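Residue numbers (the numbering used here), protein chains in the order written: chain H, 120 to 192; chain S, -5 to 511. Even for Gly, the Cβ is constructed at its ideal location relative to N, Cα and C. Fair warning: this is a prediction, and the values are worked out from it, not measured in the lab. Data first, discussion second: the structure below is written as structure tokens.
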Amino acid sequence: MSEVRVLSDIDARVWKIEVAPGDSVAVDDVLLILEAMKTEIPVEAPKAGRVKEILVKEEEPVSEGQALLILEV
Amino acid sequence: MSWQKEVDELNRRLEMAKAMGGAENIARHHARGKLTARERVDGLADPGSFDEFMGLVGQGTYNGPELAAFTPKPTVEGMIRLDGRKAVVVAGDFTVRGGSGGMSGGLGRESRASERALEWRLPFIRLQDGAGGSVRTFEEAGRTYLPDGNSYTQYEVQLLSKVPVASAVLGSVAGIPAVVACLGHFNVMVKDISQIFPGGPPVVKAALGIDITKEELGGDQIHTRISGCIDNLAETEADAFAQIRRFLSYMPLSVDEMPPRGPVTDDPERADEALLSLMPRNPRQAHNARKLIEHVVDKDSFFEIAPLYGRARITGLARIDGYPVALMANNPRFNGGSTDVAEGNKVMRLISLADTFHLPLISLCDEPGFMVGPNSERMGIERAGARLLTSVCSSRMPWLTVVVGRAFGVAGQCHHRPSGMYRRYAWPSASWGSMHISGGVSAAYRREIEAAPDPAAKKAEIEARLQAIASPFRTAEATGQDIIDPRHTRRKMVDFVHDAQRVLATQVGVPWIPYMP
């Protein structure tokens, strides 16, 4: 079992978190939705696994390269 | 009497050249995590294909008539094969004088590798490591010299409109070589070991008084993300070689040939069901442009160029039914997919690449417009727009645009070419206009809105009126714009790319607009 840190590609605001710790996710499942330039940008699971920890809160601003959550894969 | 003695001498000299800068320098080079010039050529080329140029050049010291010691020139160069196709390679050898300085010229000098690439009409590859001039040369020569490097760089400029040119930056590359790294059609640098700058940290310290590391000054974070001077980032040197081989696999050997059709690996009739719901119905939601590309091009054929720079536009090379194409797509997940100066630069480079090497261009358009705001103004978005528009209108290669989402403003206009073999399809999800309805209403109906008892309600009413006529079917009724089922996109592309081959065949030869790097 290894961990994957899912990073933000962009400077944005966390709009909606779609998963909770312990949830199982498949590849491409939406983990959370960021918002930038009035656009909703889904962040999808890069691999199948289980959500270990969510590192951000809704409404929180995030910057490019910042870890959003940790997946156990 | 045979000439065995002389052949032995030849082999001894070649062996001495293969020792490069000596065991100690090689060990130090390896300790930095870097391959030697000869290991790099071997890593790039088909096994056993290297045919060296000027392998005997260097500085010898003699013990009477006997060659006692030998320092080879600081480059390793010759012809190689890549997947069977020939190319010319020049690798800087950092273990000899830090890769700095070259051989002396003069009468009787053999042709440079760049001249051979030009005359043989073969792709030219640089594996760069080391600096350009060094003030040490002044002392050796007993004089200074004018910076007349263009006497030989001119050949590399000529190459740009004749053959594909690729550079790998594989160390700290300063001076002329740093600029030459960008004198090509594709370049790549390797994480942690590569930097480029015209002047390194000591030069910056002397000029500006700033303390800065090589990596901060000219590492990948700067050049693959912010400046765009280097297209791609590689994890390892082997990855950089693989990327160069891949880039060249889509290219003809020269502008006088057509790019090679690769094997047909995918069903030309493939109609992925996912395309029907790929575009979100909610205009606030951004689709996944990389997924869109995978659905329409041959499986695993997309090679992205400059993925980290100008990220609102995805650009790269792909295959459609085996034929190489240039492809671009707006990426709504970055800055809404808008076109800023960086995105414009990427698009112009792609158009120029396609036009020079006879690739059809495919545009997957979801264009909200030029980036607006004070930053874009400071960067000169209008002149960038004028250059982009000129590049679009002056291009000749067959061009297919599929409007999958938005096509707005002058940037939307830059997905259209009113001449030559140009075709445009739209998805039912498309929307377009000279400007966006929401922003445009406030500007065009300002007085009417302000005079209304409830300005917000008035604005909403006008917007609703305009949205009602924004259906692409209304445009199609009037203009003949063809709208397609998104699932039929690939088959339309296949048909277009097949037809494009006939037109491209009439365009082989030197491009009518010289390639600008």
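Counting only the same chain and skipping the five closest in sequence on each side, list residues whose C-beta sits under 8 Å from that of residue i.
| i | result |
| --- | --- |
| S/Lys293 | Thr259, Asp260 |
| S/Glu104 | Phe47, Met48 |
| S/His492 | Asp315, Tyr317 |
| S/Leu311 | Phe241, Tyr244, Phe296, Phe297, Ile299, Pro318, Val319, Ala320, Leu321, Leu353 |
Can you tell me whether residue i is buried or exposed? The criterion is at least 16 other CB atoms within 10 Å of its CB, across all chains shown.
| i | result |
| --- | --- |
| S/His23 | buried |
| S/Tyr56 | exposed |
| S/Asn324 | buried |
| S/Tyr303 | buried |
| S/Asn5 | exposed |
| H/Leu151 | buried |
| S/Leu8 | exposed |
| S/Lys12 | exposed |
| S/Gly213 | buried |
| S/Leu15 | In the sequence as displayed, the identity of residue 15 of chain S is Gly instead of Leu. Label assigned to S/Gly15: buried. |
| S/Pro66 | buried |
| H/Glu137 | exposed |
| S/Cys387 | exposed |
| H/Val146 | exposed |
| S/Tyr244 | buried |
| S/Glu231 | buried |
| S/Gln148 | exposed |
| S/Phe467 | exposed |
Could you confirm whether any beta carbon from chain H is found closer than 8 Å to the beta carbon of residue i?
| i | result |
| --- | --- |
| S/Ala280 | yes |
| S/Asn329 | yes |
| S/Pro326 | yes |
On the DSSP letters alone, give me the boundaries of the alpha helix (DSSP H) that residue i sits inside.
| i | result |
| --- | --- |
| S/Gly195 | The amino acid occupying residue 195 of chain S in the given sequence is Pro; Gly does not appear at that position. From DSSP, the alpha helix (DSSP H) with S/Pro195 extends over 195 to 202. |
| S/Gln237 | 231 to 243 |
| H/Val123 | Run containing H/Val123: none in the alpha helix (DSSP H); it sits in the beta strand (DSSP E), 122 to 126. |
| S/Tyr149 | 144 to 153 |
| S/Ser385 | 375 to 388 |
| S/Pro333 | Inspection of the sequence shows that residue 333 of chain S is occupied by Thr rather than by Pro. Note, S/Thr333: premise wrong, no alpha helix (DSSP H); not H, not E. |
| S/Lys208 | 208 to 212 |
| S/Leu8 | -2 to 12 |
| S/Arg110 | 107 to 114 |
| S/Leu286 | 283 to 290 |
| S/Phe490 | 483 to 499 |
Excluding the five sequence neighbours on either side, which residues of its own chain have a C-beta within less than 6 Å of the C-beta of residue i, listed in chain order?
| i | result |
| --- | --- |
| S/Gly124 | Gly86, Phe88, Gly92, Gly93, Ser94 |
| H/Ala186 | Arg124, Leu126, Leu174 |
| H/Glu179 | Val133 |
| S/Gly338 | Ala378, Leu382 |
| S/Gly54 | Leu61, Phe64 |
| S/Val397 | Cys359, Ala420, Ala424 |
| H/Lys171 | Ile189, Glu191 |
| S/Ser271 | none |
Residue i lies in the beta strand (DSSP E); which residues open and close that run?
| i | result |
| --- | --- |
| S/Thr55 | 52 to 57 |
| H/Gly168 | 168 to 173 |
| S/Thr309 | 307 to 314 |
| S/Gly102 | Neither: S/Gly102 is in no beta strand (DSSP E) and is coded neither H nor E. |
| H/Arg132 | 131 to 136 |
| S/Gln475 | Per DSSP, S/Gln475 belongs to no beta strand (DSSP E) and is neither H nor E. |
| S/Gly86 | 79 to 86 |
| S/Ser357 | 355 to 361 |
What is the C-beta distance between residue i and residue j, in whole angstroms, given that I count them as a contact (C-beta under 8 Å)?
| i | j | result |
| --- | --- | --- |
| S/Met322 | S/Val341 | 6 Å |
| S/Ile345 | S/Ser385 | 5 Å |
| S/Ile204 | S/Val198 | 6 Å |
| S/Leu355 | S/Ala405 | Not confirmed; about 16 Å, so no contact. |
| H/Glu163 | H/Lys135 | 14 Å between Cβ atoms; not a contact. |
| S/Leu177 | S/Leu121 | So it is not a contact: roughly 15 Å between Cβ atoms. |
| S/Val157 | S/Ser43 | S/Val157 to S/Ser43, Cβ: 18 Å. No contact. |
| S/Pro308 | S/Asp334 | Correcting the residue identity first, residue 308 of chain S is Ile in this sequence and not Pro. Contact doesn't hold; Cβ gap of about 14 Å is too wide. |
| S/Pro68 | S/Val82 | Between S/Val82 and S/Pro68 the Cβ distance is about 18 Å, and since that is not below 8 Å, they are no contact. |
By Cβ distance below 7 Å, which residues in the same chain neighbour residue i in space, the five residues on each side in sequence not counted?
| i | result |
| --- | --- |
| S/Leu153 | Ser108, Ala111, Leu112, Phe118, Val159 |
| S/Arg417 | Leu394, Phe490 |
| S/Asp225 | Phe180, Asn181, Val182, Ile299, Ala300 |
| S/Met273 | His281, Val398, Gly399, Trp421, Ser423 |
| S/Asp266 | His289, Arg481 |
| S/Ala172 | Ile190, Phe191, Pro192 |
| H/Glu183 | Ser127, Asp128, Ile129, Asp130 |
| S/Arg75 | Ala39, Asp40, Ser43 |
| S/Pro511 | Leu154, Cys176, Leu177, Gly178 |
| S/Ile20 | Met14, Thr30, Thr89 |
Taking CB distances under 8 Å as the criterion, tell me whether residue i reaches chain S.
| i | result |
| --- | --- |
| H/Ala159 | The identity of residue 159 of chain H in the sequence shown is Glu, whereas the question assumes Ala. Yes, its Cβ sits closer than 8 Å to a Cβ of chain S. |
| H/Ile129 | yes |
| H/Met156 | yes |
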